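Heads up, the thing below is written out as structure tokens.
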Amino acid sequence: MTPDPLEQDDGVLAPDELRLDDDHVDELGENRYLVRSEGAGSKRVARPPATEAVDTPPAGDLPAGDGHTESDHHARTPHAHSSELADASEPHGVDITLKTDREIAHHRATSHDVREVFVDLLTWYAGQLDDDLSPSEALQVMLAASDLEV
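Per full-length UniProt numbering, residue 1 is the first one in the sequence shown, and the count goes up by one each step.
The structure is reproduced here in structure tokens:
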């Protein structure tokens, strides 16, 4: 009699063994996950510190500079975000997660120029809030409606 394949320990997880907050699990989208085996090596492909976002604004809305933008659909722990930001070679950076009515978005930007990080953060944030307004228009509306004097 051949053994039941589910009884063999060949890396197949039962539903009750799967924890979505595990270091070996990345969220790909709504109810979609990537589960890496323990021997799969590093969790993420090494890349230079840059800008990443779930929804990338159009290229015309990005500030000039040496930052790169790419899609990031991987859920990571807050500790992982802190470690990556702390390990960045650039002296200035932000790592932010934003919840809107539609989704959760993550953005990370690092640079040698603190102004570039600030403009990138504001542009990204404003771009996440309204699909009908450009980031510049959204920022103007937000500043006009705030108590800030600029």
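Ideal Cβ positions, reconstructed from N, Cα and C, are used throughout, including at glycine.
Quick caveat: nothing in here was measured; it's all calculated off a predicted structure.
Task: Counted within 10 angstroms of its Cβ, other Cβ atoms place residue 108 as buried (16 or more) or exposed - done: Counted from its first residue, the sequence shown places residue 108 at position 108. Its Cβ being crowded by 16 or more others within 10 Å, residue 108 is buried.
TODO: Give the DSSP-derived three-state secondary structure of residue 82 in the structure shown.
DONE: Here the question's residue 82 lines up with position 82 in the sequence shown. Here residue 82 sits in helix by DSSP.
Task: Whole-number beta carbon distance between residue 94 and residue 117, since they are thought to touch under 8 Å - done: Within the sequence shown, the letter at position 117 stands for residue 117. Within the sequence shown, the letter at position 94 stands for residue 94. Between residue 94 and residue 117 the Cβ distance is about 6 Å, and since that is below 8 Å, they are a contact.
Open item on the list: In the DSSP assignment, the alpha helix (DSSP H) including residue 115 goes from what residue to what residue?
Closed with: Taking the sequence shown and counting its residues from 1, the one referred to as residue 115 is at position 115. Unbroken alpha helix (DSSP H) run through residue 115: 114–129.
- [ ] Look up residue 98 in the DSSP assignment and say whether it is helix, strand or coil.
- [x] Position 98 of the sequence shown, counted from the first residue, corresponds to residue 98. Strand.
Open item on the list: What would DSSP say about residue 23, mapped onto helix, strand or coil?
Closed with: The residue labelled residue 23 in the question sits at position 23 within the sequence shown. Correct three-state label for residue 23: coil.
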